[in-house]
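Numbering (mature numbering (1 follows the signal peptide of the UniProt record, and there is no 0)), first residue to last: -27 to -1, 1 to 136.
Okay, structure first, notes after.
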């Protein structure tokens, strides 16, 4: 059995993730993502052809880069597609803070670092990516984690009522 050297593995992962994070997302791909999330939720308030917002890609390498946050609080259900979050050797937080938000998470990738998804109490979350964990912690089964951790943290819930 041949093992991949850590440096080779990291180079391979970084090049694939950065290429995926940098590529433009076509409307058709986003529509397919929305359809998959609606199917995952089974029951939702949006109908067959819902309108939605897209939250930009978050990329952090060595703690440097952009984060994603949805801080808009709506009075009715809002469908939001969350483009990929990539974190390499650092910490990253994606904030999804609309209690009426229905968040369709395209993907998260965390390599040798920690990624936290802060999700408003009452918000819904569906993840489209397959899950994989290599030498790390990904108890919530959201995205791909290699030698790191990915967690979903509920915020704004009354004490004792966290989901």
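The beta carbon of each residue, even a glycine, is placed where N, CA and C say it ideally should be.
For the candidate residues the options, whose alpha-carbon lies nearest to that of residue i?
i: residue 132; options: 81, 94, 48, 29; result: 94
i: residue 101; options: 122, 35, 56, 37; result: 56
i: residue 96; options: 39, 45, 1, 4; result: 45
i: residue 39; options: 24, 50, 49, 65; result: 65
i: residue 3; options: 127, 129, 47, 24; result: 24
i: residue 43; options: 130, 92, 20; result: 92
i: residue 139; options: 78, 47, 60, 51; result: In the structure displayed, the chain extends from -27 to 136; residue 139 sits before or after that span and is not available.
By the 10 Å Cβ neighbour count, where 16 or more other Cβ atoms means buried, how is residue i classified, buried or exposed?
i: residue 30; result: buried
i: residue 33; result: buried
i: residue 58; result: buried
i: residue 1; result: exposed
i: residue 107; result: Confidence at residue 107 is low in this model, with a pLDDT of 43, below 50, so its placement is unreliable and no value can be given for it.
How big is the Cα-Cα spacing for residue i and residue j?
i: residue 54; j: residue 27; result: 5 Å
i: residue 62; j: residue 36; result: 7 Å
i: residue 17; j: residue 73; result: 12 Å
i: residue 22; j: residue 127; result: 29 Å
i: residue 15; j: residue 129; result: 25 Å
i: residue 125; j: residue 51; result: 20 Å
i: residue 19; j: residue 60; result: 31 Å
i: residue -7; j: residue 10; result: Confidence at residue -7 is low in this model, with a pLDDT of 41, below 50, so the placement of that residue is unreliable and no value is reported for it.
i: residue 105; j: residue 90; result: Low confidence applies here, because residue 105 scores a pLDDT of 42, under 50, leaving its location unreliable; read the following figure in that light. Rounded to whole angstroms, residue 105 to residue 90 spans 17 Å at the Cα level.
Check whether the Cβ atoms of residue i and residue j lie closer than 7 Å to each other.
i: residue 120; j: residue 85; result: yes
i: residue 13; j: residue 99; result: yes
i: residue 76; j: residue 69; result: yes
i: residue 123; j: residue 80; result: no
i: residue 67; j: residue 41; result: yes
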